[in-house]
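Numbering (my numbering), first residue to last: 128 to 175. All residues carry an ideal CB built from backbone N, CA and C; glycine is no exception. Here is the structure we will look at, set down as structure tokens.
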């Protein structure tokens with residue numbers, strides 16, 4: 128087991144929503160550069 132400890136954050140975005148359709152999707156249509164980068168570069172999952 129590795130002894131290297133690295134910082135970790137658990138973020139739960141309750142109510143943030145995830146939907147591929149752009150119509151009537153405020154989150155997808157908004158400018159969210161930080162969230163876009165986190166989604167591309169960091170491990171994540173969706174809970175249904």
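Leaving aside the five residues that flank residue 171 on each side, none in its chain has a CB nearer than 6 Å to its CB.
In this structure, DSSP gives residue 163 a helical state, which the three-state scheme calls helix. The beta carbons of residue 149 and residue 140 sit no closer together than 8 Å.
Collapsing the DSSP output to three states places residue 174 in coil.
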